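Just so we're aligned: the sequence shown equals residues 2 to 181 in the numbering used here.
Glycine is no exception: its CB is placed at the ideal position from the N, C-alpha and C atoms.
None of the values given here were measured: they were computed from a predicted structure.
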Amino acid sequence: MTIYSEVDERKNTVVDVAKKMLIAARTAPKGKGVNNLEMVILTDNDIRLVAMEMRKIGEQKEYDIFIRDADNILAAADALVLIGTRIRTLGLKVCSLCGFADCATKEKYPLVPCVYNVGDLGIAVGSAVSVAADHRIDNRVMHTVGIAALNLEILSRSVKIIWGIPLSALSKNPFFDRKK
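Following this line, the structure appears as structure tokens:
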């Protein structure tokens with residue numbers, strides 16, 4: 002007889018769902034079909050590395066939510082999904098949603114996000130967290146995780162915006178109803 006303990010299998014299941022989340026994000030619709038996304042899954046020591054960077058940011062900037070979120074993912078996250086985007090225009094002749102007349106003009110300001118990059122990132126993150134929800138995996142989208150990941154250059158240097166999604170499977174979602 003083979004017996005699988007829920008406690009033993011929980012982390013493996015969370016990581017398996019994280020892999021499905023990456024596929025959902027990858028296949029999410031993108032402006033003009035252009036892919037500017039990068040994504041990874043972190044576990045164990047890599048989560049600790051991100052949490053320590055979050056704590057450092059919180060202490061340096063005197064911004065407690067970074068420390069709260071760092072403690073939160075250290076205590077509860079079995080996996081951490083990072084989804085980020087490069088900032089690249091789509092070469093549209095008519096748009097101006099970024100505030101510039103056209104993509105050629107916007108290109109002179111490479112750090113100003115193209116609305117399509119940000120929109121595509123949001124759709125991808127939404128697709129990913131819907132997979133987590135479908136599998137009853139606790140999650141929350143966190144900008145604090147993304148900022149730490151940017152500082153650590155976990156994704157390529159061309160990625161300028163990252164959202165982090167910690168994942169867990171506990172009796173109560175540890176990423177909501179937090180103190181502080």
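- Message: Starting from S169, trace the beta strand (DSSP E) in both directions and tell me its first and last residue.
- Response: 160 to 169
- Message: I'd like to check one pair, G85 with V1: are the Cβ atoms closer than 9 angstroms?
- Response: It is not possible to answer for residue 1, since the shown part of the chain is limited to 2 through 181.
- Task: For the beta strand (DSSP E) holding V82, just list the boundary residues, first then last.
- Result: 80 to 87
- Closest to D47 by CA distance: which of A134, F101, C115, I74 is it? I74
- Query: Hey, how far is the Cα of T3 from the Cα of K12?
  - Reply: 18 angstroms
- For the alpha helix (DSSP H) containing V41, list its first residue and its last residue. Element bounds for V41: not the alpha helix (DSSP H) but the beta strand (DSSP E), 38 to 43.
- Message: Which residue marks the beginning of the alpha helix (DSSP H) containing D121, and which one marks its end?
- Response: 116 to 135
- Leaving out five residues on either side along the sequence, give the residues of the same chain with a beta carbon under 7 angstroms from the beta carbon of K107. The answer, listed in chain order, is T90, C99, F101, V113, C115.
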